[in-house]
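J.: Got a structure for you, written out below as structure tokens; questions coming shortly.
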Amino acid sequence: MVSDVLEIRDLATHFMTRAGVVKAVDGVSLTVGRGEVLGLVGESGSGKSVTGYSIMGLVDPPGRVVGGSIKLEGEELVGMDNDSLRHVRGKKIAMIFQDPMMTLNPVLRIDTQMTEAILAHENVSKKAALARAQQALERVGIPAAAERLKSYPHQFSGGMRQRVAIATALLNQPAVIIADEPTTALDVTIQSQILAEIQQLCREMGTALIWITHDLTVVAGLAQRIAVMYAGRVVETGLVDEVLDDPLHPYTRGLLGSLPSAAIAGQPLDQIPGSTPSLGRLPPGCAFSPRCRDATEICRQEAPVNRYFSNGRQARCHHPLSTIALVATTSDT
Amino acid sequence: MSQSNPTVATPVEPALVKQETPWRQFVRTFLEDRVAVTGLMMLLLIIITAILAPWITPQNPYDLGTVDLMDSRIPPGEQTMEGYTAWLGTDGVGRDLYSAILYGLRISLMVGVVSGLIAASFGMCVGLIAAYAGGKVEALIMRIVDLQLSLPTILVALILVAALGKGVDKIIFALVVVQWAYYARTVRGTALVERNKEYVEAAQSLGLSKTRVIFRHILPNCLAPVIVVLTVQTAHAISLEATLSFLGVGLPQTEPSLGVLIANGFQYMMSGRYWISVFPGLALLFTIVSINLVGDRIRDVLNPRLEK
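Chains A and B, in that order, are what the protein sequence lines are.
Take the first sequence: its position 112, counting from 1, is numbered 112 in this note's numbering, and each next residue is one higher.
Take the second sequence: its position 172, counting from 1, is numbered 172 in this note's numbering, and each next residue is one higher.
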């Protein structure tokens, strides 16, 4: 096993709203190894994006990280003062956002936006920064990079803008990149190009990648490990092939079942009944129990603890689907 | 390098999206409206003549040596004792009105633009800080803005100028005080929208400092509505200055602005010497109308709802 570059323990991010405390992230534990690609999967509102923002320290009020620990290369990020955190952001962790049409500032030229990312962290000359920005653009496959640096965002197409965003994220050779559904807004051909490129680049540079998405097919081709989130908790983690072939948690099975490829043409998709519960009013016991086919009395009364299975797999379920060996049970509610 | 990564597909999408720059688009759309173009030409003419005043006028109304009391109240188009023709007549102390109007325009435009720019800069900073800080800071700032906007502009300006005394600098100060709140409110509104856009989050995720995010990323995106407010408020400032001067608390007699000229002619109105008040009044009217025509068009062009 590679050494962990990012280690998250019991992360809790709550939003203090007028309607009460919304536990968007409630006890999430994740580890990401050096150069590893982790797919963070879940429905809308499952807390996957908030987990990403929590790592970046960019949770806006009324949200707040209320507990747990985030260790980046051994350095604790939770509770770190804003100024020190600023030097971690963009330098050691970078983020790529969902909509490439929105992530570049429309009024600033590409060179300004890229060089300031370097100059915010390093004391190098403007010229050196510009040269590095050009290299980064070339690396993500943008032709005539020197000229394109002088362009404004509106002169780029969506795919090209996402390439610029990726190049910017890679500028300071961060240890971890958090990608929040970066290909969702792109059309499918561009999506696969970008996926291939980012995979390649992360491999070359040894950058770990947390890929936040709701698209299991993307994760299947990209990630080594997968973490499935539901209602602010990680319900299942493990190697991507094992989890997708042989899911432990009924929710993972439900997600897989709702993929069109798994269904026979003409037949309705096997969807999960109901919808994601409101995070402010979670059912007692297992959050998934009202929608779960296999739920029993215990599921409705007691929240399942994290169980460890062979091959490093984990699941939070009273009735895991597979028969693979159970290794240990924790009580980290 | 390219040999070793066959997985990286060559981009098939067009690399460069050919598109008009926003500035070109703005200019083109602006020029589509004939009324606005007329307004712009009028405004340019006024600005140019005001700038060129010392070279195209027969008299310097500030230089009392060139003002001859014998020339007072000469009707438009007649010869003066000094030898030039007073095309717009002369006022009660023998100032050539054509010269006085051009010099007055210089002061009026200067006061309007300078106070507008200072108020805009100050108001923008306050508005940005309010929007970015949020919470109690924002509430406090915006209540001060509300308070400021609830007081009648002319009254506040009148009291300030009465307390401070006459002079261009005092007038500008008073105008800044009564105007900054408009900018603060406008900028705060726009900045609240802008700060929730993804590019701000992206800028923060790059580890940029707060000041850089505020002033380098958010501010330029808030400028469009500020430009609209700036044109409208400049026109407003010019008329406000004229009002104060007309009431006798603005600029001194030795620096005649348009308001002072109108006030001077006021006493002669009933005796048939209409020109002393009417011509400066027309100059003021044309200035403000042309600025407003330009401002209205800018507002229409920059309005995203009317786009495309």
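Idealized CB from N, CA, C, for every residue including glycine.
Since we're looking at a predicted model, the values are computed, not measured.
Note down the Cα distance separating I159 of chain B from I171 of chain B, rounded to an integer number of angstroms.
T.: C-alpha separation (whole angstroms): 11 Å.
J.: In three-state terms, what does DSSP make of R313 of chain A?
T.: Three-state DSSP puts R313 of chain A in coil, outside helix and strand.
J.: May I ask you to list, following chain order, the residues of the region 246 to 268 of chain B that have a beta carbon less than 9 Å from some beta carbon of chain A?
T.: Going along the region 246 to 268 of chain B in chain order, one finds no residue with a Cβ nearer than 9 Å to chain A.
J.: Return helix, strand or coil for A174 of chain B, following the three-state DSSP convention.
T.: Reduced to three states, the DSSP call for A174 of chain B is helix.
J.: Leaving aside the five residues before and after H249 of chain A along the sequence, list all residues of the same chain whose C-beta is less than 6 Å from its C-beta, in chain order.
T.: The residues are V235, E236, A315 and C317.
J.: Under the DSSP definition of a beta bridge, which residues are partnered with I47 of chain B?
T.: DSSP, once it has assigned bridges, lists no residue as partnering I47 of chain B.
J.: Contact criterion: CB-CB distance below 7 Å. Does P11 of chain B meet it with respect to chain A?
T.: Low per-residue confidence applies at P11 of chain B: pLDDT is 48, beneath 50, and the placement is therefore not dependable, though the value from the model is reported in the following sentence. It does: the Cβ of P11 of chain B has a partner Cβ on chain A nearer than 7 Å.
J.: Which residues mark the beginning and the end of the beta strand (DSSP E) in which F15 of chain A is found?
T.: Where F15 of chain A is concerned, the enclosing beta strand (DSSP E) stretches over D4 to T17.
J.: Quick check: the Cα distance between A12 of chain A and L109 of chain B, rounded to an integer number of angstroms?
T.: If I take the Cα positions, the gap works out to 59 Å.
J.: To the nearest angstrom, how far is the alpha carbon of I218 of chain B from that of I129 of chain B?
T.: Taking the straight line joining both Cα atoms gives about 11 Å.
J.: Quick check on DSSP: helix, strand or coil for D180 of chain A?
T.: Strand, per DSSP.
J.: Taking the straight line between their C-alpha atoms, what separation do you get for N105 of chain A and A283 of chain B?
T.: Cα-Cα distance, rounded: 43 Å.
J.: Which same chain residues, not among the five before or five after R313 of chain A, have their C-beta less than 8 Å away from its C-beta?
T.: Result list for R313 of chain A: E236, T237, G238, L239, E242, V243, L248 and I324, in chain order.
J.: Please tell me whether G207 of chain B has its Cβ less than 7 Å away from any Cβ of chain A.
T.: Yes, G207 of chain B counts as interfacial toward chain A.
J.: Quick one: using the 10 Å Cβ neighbour count with 16 as the cut-off for buried, is S44 of chain A buried or exposed?
T.: Label assigned to S44 of chain A: exposed.
J.: By the criterion of Cβ-Cβ separation under 7 Å, what are the contact partners of H87 of chain A in chain B?
T.: G207, listed in chain order.
J.: Closer than 8 Å is the cut-off here; do at least three beta carbon pairs connect the region 113 to 132 of chain B with the region 181 to 198 of chain B?
T.: Contact holds: three or more Cβ-Cβ distances are below 8 Å.
J.: Can you tell me the Cα-Cα spacing of D81 of chain A and I166 of chain A, whole angstroms?
T.: Rounded to the nearest angstrom, the two C-alpha atoms are 27 Å apart.
J.: For G69 of chain A, which beta-bridge partners are listed by DSSP?
T.: What sits at residue 69 of chain A in the sequence shown is Ser, not Gly. Paired residues: A:R9.
J.: By the DSSP assignment, the alpha helix (DSSP H) with M114 of chain A in it spans what residues?
T.: Taken as a continuous stretch (DSSP letters only), the alpha helix (DSSP H) holding M114 of chain A covers I110 to L119.
J.: Please state the DSSP three-state secondary structure of W87 of chain B.
T.: W87 of chain B: coil per DSSP, three-state reduction.
J.: State yes or no: is the beta carbon of V107 of chain A nearer than 7 Å to at least one beta carbon in chain B?
T.: Answer yes: the Cβ-Cβ gap between V107 of chain A and chain B drops below 7 Å somewhere.
J.: Which residues in the same chain as M269 of chain B place their Cβ atom closer than 7 Å to its Cβ, once the five residues preceding and following it in sequence are excluded?
T.: Excluding positions up to five away in sequence, the list reads S277.
J.: Starting from Y132 of chain B, find everything on chain A with Cβ-Cβ shorter than 7 Å and list it in chain order.
T.: What Y132 of chain B touches in chain A: nothing, since even the nearest Cβ is about 11 Å away.
J.: Helix or strand or just coil, what does DSSP make of L93 of chain A?
T.: The identity of residue 93 of chain A in the sequence shown is Ile, whereas the question assumes Leu. The answer is strand: DSSP assigns I93 of chain A an E or B state.
J.: Is there contact here, the region 161 to 177 of chain B with the region 189 to 198 of chain B, by at least three beta-carbon pairs under 8 Å?
T.: As far as the Cβ criterion goes, the region 161 to 177 of chain B does not touch the region 189 to 198 of chain B, which means the pair count is below three.
J.: Would DSSP call Q79 of chain B helix, strand or coil?
T.: In this structure, Q79 of chain B counts as strand in the three-state DSSP scheme.
J.: List, in order along the chain, the chain B residues whose C-beta lies closer than 7 Å to that of T213 of chain A?
T.: None at all; the shortest Cβ gap to chain B is about 17 Å.
J.: Note down, in chain order, every chain B residue with its Cβ under 8 Å from the Cβ of G35 of chain A.
T.: Within 8 Å Cβ-Cβ: nothing; G35 of chain A doesn't reach chain B, min ~16 Å.
J.: Would F97 of chain A and E198 of chain B qualify as a contact pair, given that the criterion is a beta-carbon distance under 7 Å?
T.: A contact, by the Cβ cut-off of 7 Å.
J.: Below 6 Å, is the gap between the Cβ of D10 of chain A and the nearest heavy atom of the ligand PLP?
T.: In terms of ligand content, the structure shown is empty, and the ligand PLP therefore cannot be addressed.
J.: Out of A:L137, A:T112 and A:P153, which has the shortest C-alpha to C-alpha gap to A146 of chain A?
T.: Nearest C-alpha to A146 of chain A: A:L137.
J.: Spell out whether any CB of chain B is found under 7 Å from the CB atom of G90 of chain A.
T.: Closer than 7 Å to some Cβ of chain B, the Cβ of G90 of chain A qualifies, so yes.
J.: Give me, in chain order, the residues of the same chain whose beta-carbon lies closer than 6 Å to that of M16 of chain A; leave out the 5 immediate sequence neighbours on both sides.
T.: Once the five neighbours on either side are set aside, the close Cβ partners of M16 of chain A are P62.
J.: Can you find a CB in chain A that lies within less than 7 Å of the CB of S2 of chain B?
T.: Residue placement at S2 of chain B is flagged as unreliable, the pLDDT there being 42, under the threshold of 50; the coordinate-derived value follows with that caveat. For S2 of chain B, the answer is no, since every Cβ of chain A falls outside 7 Å of its Cβ.
J.: Within the continuous alpha helix (DSSP H) that includes D26 of chain A, where are the two ends?
T.: It is not in any alpha helix (DSSP H) - D26 of chain A instead sits in the beta strand (DSSP E) that spans G20 to G33.
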